[in-house]
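Student:
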Amino acid sequence: MKKIFVVGVGPLPFYRSHIPQNSISEGTWQVIQPLLEDGHKVRAITLEFGQHGTPKIEYLQQPHEVSPNLEHQYYEEPFRTNSVAIARQIQMSLSAFDPDCVISAGSMIAAWASTLLKHRLPTWYDIKGGFMPELQLQVMKSDPQSVFEVFPVYKKMLLRGDRFSAVTQRQADMVYGELGMVGRLNAHTLNEPLVTVKPTGLPPNSPKRIEKTGKIRGKYCGEEETVLFSSGGFNAW
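If you're matching positions, the sequence shown starts at 5 in my numbering and goes up one per residue.
(1) Restricting to Cα atoms, I'd like to know which of Cys105, Leu125 and Glu81 is closest to Met112.
(2) Can you find the residues in the same chain that come closer than 6 Å, C-beta to C-beta, to Gly54, ignoring five residues on each side of it along the sequence?
(3) Measuring CA to CA, which of Ile90, Ile94, Val199 and Ala115 is closest to Thr32?
(4) Taking 7 Å as the limit between beta carbons, can you name the residues of its chain near Lys122, skipping five residues before and five after?
(5) Verify whether the separation of the beta carbon atoms of Leu120 and Ser87 is less than 8 Å.
(6) Any idea which residues DSSP pairs Tyr224 with across the strands?
(7) Which partner residues of Ile113 appear in the DSSP bridge assignment?
(8) Hey, quick one: how far does the alpha helix (DSSP H) through Ser169 stretch, first residue to last?
(9) Please return the same chain residues whose Cβ sits closer than 7 Å to the Cβ of Arg164, not counting the five positions on each side in sequence.
(10) Hey, could you find the ends of the beta strand (DSSP E) Lys7 is sitting in?
(11) Please state the DSSP three-state secondary structure of Ser108.
(12) Here's the rule: buried if 16 or more other CB atoms are within 10 angstroms of the residue's CB, otherwise exposed. What is Gly12?
(13) Please state whether DSSP places Asp177 in a helix, a strand or coil.
(14) Express the C-alpha separation of Phe135 and Val201 in angstroms, rounding to a whole number.
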């Protein structure tokens, strides 16, 4: 059994937040769940997307009821103004837990906090989406400083990580290219599988068919039409 410190994004399936579960929070749980199933002890740190100040959540199950090996702590979403303070709290949690390794799960939000932590532990960065291409789409924002602040964080992540994962082979190839740009592809990493593919998927208990409500079928399309829902695409190409 290993002690694993996971920094990710909420909400997770065993509690409610003011926003529903999303692909990023599902990605966090898809990292945590198999670790628990394999018998590892996990301290899950969730940054509650969209919550500022003290986050408000409602437990459907206590963490120890989900698994006796699960601990959970939650914090507000980090921004430029509060990221250092949040990282300081997470640092204390990391030191107290004394883990064998650290995982940053599924978003730039988690990576932002994880790169501020001081440790020499093996670190896995689970990357969901193409952060740099996404930033290029935002350069016309009225606040360019918030965009360009991500560049050094992302570079530090590439330099610090021992392993990386991406949701598709295309994104894995992109990460390999970025690792090459910062000098990580060298004689010491020649035979190392630095990047693996970890596809994003729905949990097993997700509904296979949504019941007819009349809100879409019969209103915006025919009664028997097939309706497909997409949760985006820029981060799953």
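We put the beta carbon where it would ideally sit given N, CA and C, even for glycine.
Tutor: Concretely, from the data shown:
(1) Glu81
(2) Ile23
(3) Ala115
(4) Gln95
(5) yes
(6) Note: Tyr224 sits in no beta bridge, so no partner.
(7) Ile113 is not bridged to any residue.
(8) Per DSSP, Ser169 belongs to no alpha helix (DSSP H); it is in the beta strand (DSSP E), Arg167 to Ala170.
(9) Thr119 and Thr127
(10) Lys7 to Gly14
(11) strand
(12) buried
(13) helix
(14) 16 Å
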